[in-house]
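> My questions will all concern the structure given below.
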Amino acid sequence: MDGVDLRVRLGSLELKNPVLAASGTFGYGREYSELVHPDRLGGIVVKGISLEPRAGNPPPRIIETPCGMLNAIGLANVGLNTFLKEKLPWLQSLHTAVIVNIYGHTLEEYARVAAGLRGIDGISALEVNISCPNVARGGMAFGTDPDMSARVTEAVLRETDRPVIVKLSPNVTDIRVIAKAVEAAGAHMLSLINTLTGMAVDVHRRRAVLGNVTGGLSGPAIRPVALHMVHQVVHTVKIPVIGIGGILTAEDALQFLVAGARAVQVGTGNFVNPTATADIIEGLNRYCAERNISTIEDVIGTLETG
Amino acid sequence: MDGVDLRVRLGSLELKNPVLAASGTFGYGREYSELVHPDRLGGIVVKGISLEPRAGNPPPRIIETPCGMLNAIGLANVGLNTFLKEKLPWLQSLHTAVIVNIYGHTLEEYARVAAGLRGIDGISALEVNISCPNVARGGMAFGTDPDMSARVTEAVLRETDRPVIVKLSPNVTDIRVIAKAVEAAGAHMLSLINTLTGMAVDVHRRRAVLGNVTGGLSGPAIRPVALHMVHQVVHTVKIPVIGIGGILTAEDALQFLVAGARAVQVGTGNFVNPTATADIIEGLNRYCAERNISTIEDVIGTLETG
Amino acid sequence: MIEQNCKVVSNDLIAADTYRMTLDCPEIAADAQPGQFVMLKVTHHPIADPLLRRPFSIAGITARGHLLVLYRVVGRGTRLMASFGPEDRCWVLGPLGTGFELPKKNGGSLLVAGGMGIAPLGFLAQRVDSPRHLFTGYGSADQIISMEDLGLSQIDARVATEDGTAGHHGMVTDLLLAHIETPASHQEKPGKGAGTVVYACGPLPMLKAVAALALKEGISCQVSLESVMACGLGACQGCAVRAAPESQRQYHHVCQDGPVFDVRALDWDGI
Amino acid sequence: MIEQNCKVVSNDLIAADTYRMTLDCPEIAADAQPGQFVMLKVTHHPIADPLLRRPFSIAGITARGHLLVLYRVVGRGTRLMASFGPEDRCWVLGPLGTGFELPKKNGGSLLVAGGMGIAPLGFLAQRVDSPRHLFTGYGSADQIISMEDLGLSQIDARVATEDGTAGHHGMVTDLLLAHIETPASHQEKPGKGAGTVVYACGPLPMLKAVAALALKEGISCQVSLESVMACGLGACQGCAVRAAPESQRQYHHVCQDGPVFDVRALDWDGI
Ligand SMILES: Cc1cc2nc3c(=O)[nH]c(=O)nc-3n(C[C@H](O)[C@H](O)[C@H](O)COP(=O)(O)OP(=O)(O)OC[C@H]3O[C@@H](n4cnc5c(N)ncnc54)[C@H](O)[C@@H]3O)c2cc1C
Ligand SMILES: Cc1cc2nc3c(=O)[nH]c(=O)nc-3n(C[C@H](O)[C@H](O)[C@H](O)COP(=O)(O)OP(=O)(O)OC[C@H]3O[C@@H](n4cnc5c(N)ncnc54)[C@H](O)[C@@H]3O)c2cc1C
Ligand SMILES: Cc1cc2nc3c(=O)[nH]c(=O)nc-3n(C[C@H](O)[C@H](O)[C@H](O)COP(=O)(O)O)c2cc1C
Ligand SMILES: Cc1cc2nc3c(=O)[nH]c(=O)nc-3n(C[C@H](O)[C@H](O)[C@H](O)COP(=O)(O)O)c2cc1C
Ligand code: FES
Ligand code: FES
Numbered sequence: 057m058d059g060v061d062l063r064v065r066l067g068s069l070e071l072k073n074p075v076l077a078a079s080g081t082f083g084y085g086r087e088y089s090e091l092v093h094p095d096r097l098g099g100i101v102v103k104g105i106s107l108e109p110r111a112g113n114p115p116p117r118i119i120e121t122p123c124g125m126l127n128a129i130g131l132a133n134v135g136l137n138t139f140l141k142e143k144l145p146w147l148q149s150l151h152t153a154v155i156v157n158i159y160g161h162t163l164e165e166y167a168r169v170a171a172g173l174r175g176i177d178g179i180s181a182l183e184v185n186i187s188c189p190n191v192a193r194g195g196m197a198f199g200t201d202p203d204m205s206a207r208v209t210e211a212v213l214r215e216t217d218r219p220v221i222v223k224l225s226p227n228v229t230d231i232r233v234i235a236k237a238v239e240a241a242g243a244h245m246l247s248l249i250n251t252l253t254g255m256a257v258d259v260h261r262r263r264a265v266l267g268n269v270t271g272g273l274s275g276p277a278i279r280p281v282a283l284h285m286v287h288q289v290v291h292t293v294k295i296p297v298i299g300i301g302g303i304l305t306a307e308d309a310l311q312f313l314v315a316g317a318r319a320v321q322v323g324t325g326n327f328v329n330p331t332a333t334a335d336i337i338e339g340l341n342r343y344c345a346e347r348n349i350s351t352i353e354d355v356i357g358t359l360e361t362g
Numbered sequence: 057m058d059g060v061d062l063r064v065r066l067g068s069l070e071l072k073n074p075v076l077a078a079s080g081t082f083g084y085g086r087e088y089s090e091l092v093h094p095d096r097l098g099g100i101v102v103k104g105i106s107l108e109p110r111a112g113n114p115p116p117r118i119i120e121t122p123c124g125m126l127n128a129i130g131l132a133n134v135g136l137n138t139f140l141k142e143k144l145p146w147l148q149s150l151h152t153a154v155i156v157n158i159y160g161h162t163l164e165e166y167a168r169v170a171a172g173l174r175g176i177d178g179i180s181a182l183e184v185n186i187s188c189p190n191v192a193r194g195g196m197a198f199g200t201d202p203d204m205s206a207r208v209t210e211a212v213l214r215e216t217d218r219p220v221i222v223k224l225s226p227n228v229t230d231i232r233v234i235a236k237a238v239e240a241a242g243a244h245m246l247s248l249i250n251t252l253t254g255m256a257v258d259v260h261r262r263r264a265v266l267g268n269v270t271g272g273l274s275g276p277a278i279r280p281v282a283l284h285m286v287h288q289v290v291h292t293v294k295i296p297v298i299g300i301g302g303i304l305t306a307e308d309a310l311q312f313l314v315a316g317a318r319a320v321q322v323g324t325g326n327f328v329n330p331t332a333t334a335d336i337i338e339g340l341n342r343y344c345a346e347r348n349i350s351t352i353e354d355v356i357g358t359l360e361t362g
Numbered sequence: 194m195i196e197q198n199c200k201v202v203s204n205d206l207i208a209a210d211t212y213r214m215t216l217d218c219p220e221i222a223a224d225a226q227p228g229q230f231v232m233l234k235v236t237h238h239p240i241a242d243p244l245l246r247r248p249f250s251i252a253g254i255t256a257r258g259h260l261l262v263l264y265r266v267v268g269r270g271t272r273l274m275a276s277f278g279p280e281d282r283c284w285v286l287g288p289l290g291t292g293f294e295l296p297k298k299n300g301g302s303l304l305v306a307g308g309m310g311i312a313p314l315g316f317l318a319q320r321v322d323s324p325r326h327l328f329t330g331y332g333s334a335d336q337i338i339s340m341e342d343l344g345l346s347q348i349d350a351r352v353a354t355e356d357g358t359a360g361h362h363g364m365v366t367d368l369l370l371a372h373i374e375t376p377a378s379h380q381e382k383p384g385k386g387a388g389t390v391v392y393a394c395g396p397l398p399m400l401k402a403v404a405a406l407a408l409k410e411g412i413s414c415q416v417s418l419e420s421v422m423a424c425g426l427g428a429c430q431g432c433a434v435r436a437a438p439e440s441q442r443q444y445h446h447v448c449q450d451g452p453v454f455d456v457r458a459l460d461w462d463g464i
Numbered sequence: 194m195i196e197q198n199c200k201v202v203s204n205d206l207i208a209a210d211t212y213r214m215t216l217d218c219p220e221i222a223a224d225a226q227p228g229q230f231v232m233l234k235v236t237h238h239p240i241a242d243p244l245l246r247r248p249f250s251i252a253g254i255t256a257r258g259h260l261l262v263l264y265r266v267v268g269r270g271t272r273l274m275a276s277f278g279p280e281d282r283c284w285v286l287g288p289l290g291t292g293f294e295l296p297k298k299n300g301g302s303l304l305v306a307g308g309m310g311i312a313p314l315g316f317l318a319q320r321v322d323s324p325r326h327l328f329t330g331y332g333s334a335d336q337i338i339s340m341e342d343l344g345l346s347q348i349d350a351r352v353a354t355e356d357g358t359a360g361h362h363g364m365v366t367d368l369l370l371a372h373i374e375t376p377a378s379h380q381e382k383p384g385k386g387a388g389t390v391v392y393a394c395g396p397l398p399m400l401k402a403v404a405a406l407a408l409k410e411g412i413s414c415q416v417s418l419e420s421v422m423a424c425g426l427g428a429c430q431g432c433a434v435r436a437a438p439e440s441q442r443q444y445h446h447v448c449q450d451g452p453v454f455d456v457r458a459l460d461w462d463g464i
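See the structure below:
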């Protein structure tokens with residue numbers, strides 16, 4: 057299993073392996089560190105950071121669904137300043153890629169979070185969550201409109217000195233249109249998918265289960281949708297694509313890599329198996345070793361069609 | 057359990073209970089008749105009919121996914137003429153609603169199928185599948201564009217003397233926009249959702265699993281997405297809405313009814329449990345009886361919010 | 194065809210990764226014909242993963258009238274099945290599909306089974322009383338299913354293993370070929386004479402080889418195919434297999450038109 | 194805190210729908226404090242329904258050093274757990290969360306358990322050596338978990354059942370109230386004097402009643418809460434519960450800040 061080179065390059069971002077922990081599911085990295093030390097991973101994406109702290113939605117915030125879960129955390133986070141003061145120092149001690157996921161409710165807010173993270177050591181890249189409601193447009197998510205998606209991208213690019221990953225929403229008619237707009241706006245990488253919007257009803261109480269009524273669907277249930285969108289986007293843009301959605305095992309991760317993703321993120325999978333990320337890395341190693349593949353690069357984008 | 061009145065009215069369409077079998081999963085009704093006689097159901101929606109017979113996609117056509125399945129049947133069907141000659145007579149002998157699902161690749165084709173079914177006894181309604189690729193627009197599905205969706209609706213309405221149900225695609229940014237356009241075009245009812253587009257990769261062979269590469273995701277995995285869209289559409293249009301997506305049990309069906317659907321369709325659930333439809337009817341009865349609810353109408357749309 | 198919640202009477206490991214399950218479902222057993230199959234629900238309600246039922250050939254009816262299923266653990270569903278105990282119940286839908294056409298009276302039968310392909314052929318052998326000869330092939334000796342577990346006695350059977358750990362060292366098709374090429378006068382067993390039918394079930398490459406041989410030699414031949422299935426009833430059209438070029442239809446449905454097909458009905462190049 | 198694939202040592206039905214499971218995970222057992230919990234994986238890889246792990250209080254450490262879990266079958270996950278046999282293994286993540294603050298030396302403890310709320314309190318009773326009194330409430334006599342199954346001896350325990358089939362006919366809170374209202378001089382047991390702590394776990398209405406009483410009487414009180422959970426580690430923020438209005442934060446996380454909370458830390462109106 058040694059011999060296998062799992063390093064991947066995504067533009068200027070080099071990862072020791074293609075397995076990242078997804079935003080919102082791995083806290084600030086430290087929560088899981090007794091189980092899987094972040095240094096073993098390709099990198100971690102921290103919980104989405106906003107300018108001000110946010111308490112989040114009223115409970116219940118999560119509910120299990122068939123092979124998946126709905127969450128309506130409400131993007132609860134400590135806010136930019138506390139992040140810098142309390143969370144960053146530990147992250148700076150890591151020897152792996154630390155990607156900071158950011159979001160806002162206005163273009164201005166995105167820009168200010170990006171500016172607040174400028175020039176800071178130990179941050180490898182920003183991941184921009186564009187699935188947020190745009191308050192200026194009646195709450196329609198930025199990421200559902202190509203023009204708004206492009207403008208968020210530009211606003212962040214203008215303020216940052218780090219590679220920018222734009223994280224796409226799957227709740228769109230044609231994700232390729234958004235991907236192209238974001239690429240044209242200068243994004244360095246794309247990651248997808250964020251959660252699908254969903255809902256559950258408690259038929260005994262005849263109420264929505266979630267305090268927020270609707271939530272985001274994640275987990276293995278959405279994997280086929282995620283894989284399809286990644287496959288579409290890989291054939292649409294030239295910038296590197298990171299695959300996300302329902303990955304629990306090395307085989308799941310390989311589906312995305314074979315389809316052309318240059319890295320993957322594991323979200324809900326961490327809850328099902330807290331060492332999922334490490335197990336996947338081991339599984340990628342084994343897959344390559346068994347086939348005498350010396351580098352994971354020789355797996356990426358090798359899907360035969362026709 | 058007697059006492060409970062399960063009848064529902066959807067505009068001019070009256071059903072003995074709100075449970076229908078979904079198109080493409082119950083054949084032409086006869087296949088399941090030894091297990092569940094269609095007369096026990098609110099109705100059956102037959103496999104989508106096109107003007108000409110269609111052989112369908114190359115195999116493999118189906119693959120299991122977590123709590124779901126992908127299908128790429130390719131809308132295989134016997135075609136309008138054979139349907140009328142070979143399948144219709146048996147359907148005409150039924151004492152339940154027979155809904156004929158139709159589709160086309162051009163407006164003209166939709167219109168001609170509708171015309172071919174005009175004035176024929178034993179057909180209670182048409183269900184128009186607008187998730188088909190529009191050949192005139194490079195294969196983009198009719199149902200992803202409000203204008204095209206409206207035009208398909210009008211084309212069918214012009215040629216038919218039956219109530220028209222338009223079946224919506226979930227692969228859109230905002231299903232309410234399509235729902236409104238279709239309502240404005242004169243549709244009598246809406247049904248939703250059709251399948252989400254998805255894909256699976258065989259990592260050993262590094263090929264797409266399905267002969268058609270992509271397929272439609274159905275089953276419990278998609279239920280939260282379906283329920284959310286039904287909830288959205290119910291609050292957007294005035295015409296009756298039929299809920300579809302991942303329904304296996306009475307509790308699943310009740311989630312849709314409580315959210316405001318006036319009937320439901322069971323698709324993939326028939327494969328998991330061939331008597332699912334009958335079991336759900338029994339379960340609805342029991343739910344009402346246990347709560348001293350005398351009519352299912354008193355359950356529909358009773359979701360409390362806030 | 195019915196759907197029934199059946200008692201698992203026994204479920205025993207009989208060879209490497211291979212289980213023998215008997216189910217108490219008298220109605221299905223009474224109707225079953227060799228070559229037909231059942232769809233088994235491998236999870237308990239309301240657990241939805243794995244979602245779909247799994248198809249299994251009816252491998253026979255035991256002396257006590259129970260339905261016999263032989264299966265190999267290859268994935269998630271069969272692994273769950275292996276954990277069924279004699280207190281468990283299992284939903285069984287069947288009998289399904291079109292089975293074997295039995296040989297004409299006194300017509301000889303050559304039964305060719307690769308691996309778990311023995312399941313439907315074991316049942317066929319139970320039901321055929323004219324001269325029959327069974328050729329079985331396995332990867333290795335530890336996979337061999339005994340005639341006793343198949344409920345067969347007094348049958349002329351030969352075995353091949355790919356690794357040579359038992360019987361002929363090679364493929365089961367070698368046995369068939371050798372048999373067919375032996376001049377008829379030297380045979381006690383049915384040869385390639387008129388009236389002889391070859392029945393085959395096993396991995397696709399094996400079926401292809403058998404089909405090619407039968408078509409070349411002009412021997413009547415029926416094969417039992419596998420396919421992914423959702424409904425098992427002819428309702429979903431998920432189990433399509435390419436029909437022979439000269440057929441009226443482009444696809445057959447394995448669950449309804451098959452799983453048993455005359456080799457001439459299939460497109461062996463496009464399969 | 195570690196993640197370990199543990200042997201299920203025993204898994205027995207001990208009361209109506211109630212099971213007692215012991216697990217061989219010495220490291221987790223060694224670290225465990227009363228009030229902490231574990232997350233159990235109820236399916237086997239790679240089956241993904243039900244998807245999430247289930248949280249269970251650590252109900253004690255057995256004489257043989259095994260981790261004790263007491264659970265009631267209420268849904269899909271617990272039904273699967275009930276089928277675990279002594280040959281099975283189970284992934285266990287723990288010990289998790291913040292447990293009970295033990296009473297001060299010689300401070301008396303009143304332990305109030307509703308239904309399965311006995312689980313963490315049984316462990317607490319094992320670890321407290323100052324005077325302690327246990328009040329347990331069940332729906333009916335058939336649900337009662339014996340002191341033996343809890344690994345408790347020489348404890349002053351009283352029981353209430355809602356249907357009166359055993360002990361006091363009524364709620365467990367009646368027992369607590371009666372006890373607290375008895376003048377201290379008449380008591381052998383800890384009363385509401387300074388140093389006394391009330392520990393409670395059970396259904397929310399019971400906890401509300403206990404909290405109201407403790408707050409009114411000015412008795413120190415700790416409750417163990419439940420919540421839906423995904424990570425169990427403080428990473429997902431899924432298990433939020435409203436903090437007391439005067440707190441610095443709007444929500445606590447049950448899995449990390451709890452599951453044990455001082456009643457004064459919570460918003461009992463908004464819960
Ligand atoms: C008509 C028919 C009769 C059959 N009879 C028998 C029998 O008597 N004994 C027996 O052991 N098996 C039989 N099979 C095959 C059996 O259905 C599969 O082995 C089983 O469905 C695998 O389920 P799983 O969940 O364990 O595997 P999965 O986890 O679903 O898949 C594991 C592996 O098995 C393969 N597989 C899955 N489904 C099928 C399938 N339907 N056919 C072939 N390969 C499949 C997959 O490609 C994969 O490589 C039959 C199949 C058909 C269609
Ligand atoms: C910290 C903590 C400690 C716990 N300790 C114990 C214990 O020692 N013994 C015990 O029997 N139970 C305990 N529980 C509750 C236990 O986690 C649930 O009963 C279990 O998760 C239900 O799983 P299920 O799949 O069987 O039920 P599901 O099918 O998931 O749900 C069935 C019913 O149980 C309810 N339910 C589901 N999850 C929870 C939950 N987390 N809390 C409360 N109700 C729930 C649902 O609302 C539903 O009504 C604890 C919960 C927490 C948070
Ligand atoms: C509890 C939870 C919290 C999440 N929080 C965020 C977030 O803050 N920012 C973000 O971009 N995505 C967030 N996500 C989305 C995930 O990063 C991921 O895109 C999604 O869950 C799909 O991947 P999965 O199926 O592997 O979970 C969250 C997901 C979950 C389940
Ligand atoms: C095998 C299969 C075939 C289908 N064929 C059709 C069809 O011909 N026309 C149509 O409108 N929908 C078709 N559908 C979609 C279903 O009617 C239904 O909308 C969808 O599967 C979601 O419901 P479910 O989760 O209950 O299956 C098909 C679905 C499946 C699984
Ligand atoms: S499996 Fe559905 S038609 Fe064959
Ligand atoms: S369960 Fe994830 S933070 Fe508590």
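Protein chains in written order, with this note's numbering: chain W, 57 to 362; chain P, 57 to 362; chain R, 194 to 464; chain E, 194 to 464. Idealized CB from N, CA, C, for every residue including glycine. Because the structure is a prediction, the values reported are computed rather than measured.
#1: Going by the C-beta, is W:M125 closer than 7 Å to any heavy atom of ligand 3?
#2: Which residues, in order along the region 191 to 215 of chain P, keep a beta-carbon less than 7 Å from a beta-carbon of chain W?
#3: In terms of residues, what are the limits of the alpha helix (DSSP H) holding R:R272?
#4: From the beta carbon of R:E439, is the nearest beta carbon of chain P less than 8 Å away?
#5: Against chain P, with Cβ distances strictly below 8 Å, would W:L136 count as a contact?
#6: DSSP three-state label for R:L400, please.
#7: E:D242 versus chain W: which residues are under 7 Å apart at the beta carbon?
#8: Tell me, to the nearest whole angstrom, how far the beta carbon of E:Q415 is from that of E:V447; I am working on the premise that it is less than 8 Å.
On the basis of the coordinates in this document:
#1: Along the first sequence, read from residue 1 onward, the residue named residue 125 of chain W stands at position 69. Under cutoff, so the answer is yes.
#2: T200
#3: On the third sequence, residue 272 of chain R is found 79 positions in, with the first residue counted as 1. Run containing R:R272: R269 to A275, per the alpha helix (DSSP H) assignment.
#4: Residue numbering aside, residue 439 of chain R sits at position 246 when the third sequence is read from its first letter. No - not a single Cβ of chain P is within 8 Å of the one on R:E439.
#5: Mapped onto the first sequence, residue 136 of chain W falls at position 80. No, W:L136 lies away from the interface with chain P (no Cβ there is under 8 Å from its Cβ).
#6: Against the third sequence, residue 400 of chain R aligns to sequence position 207. R:L400: helix per DSSP, three-state reduction.
#7: For the purposes of this step, residue 242 of chain E is taken as residue 49 along the fourth sequence, with counting starting at 1. Residues of chain W passing the Cβ test: P122 and C123.
#8: For the purposes of this step, residue 415 of chain E is identified with residue 222 of the fourth sequence, where counting begins at 1. For the purposes of this step, residue 447 of chain E is identified with residue 254 of the fourth sequence, where counting begins at 1. The pair is not a contact, with the Cβ atoms about 14 Å apart (cut-off 8 Å).
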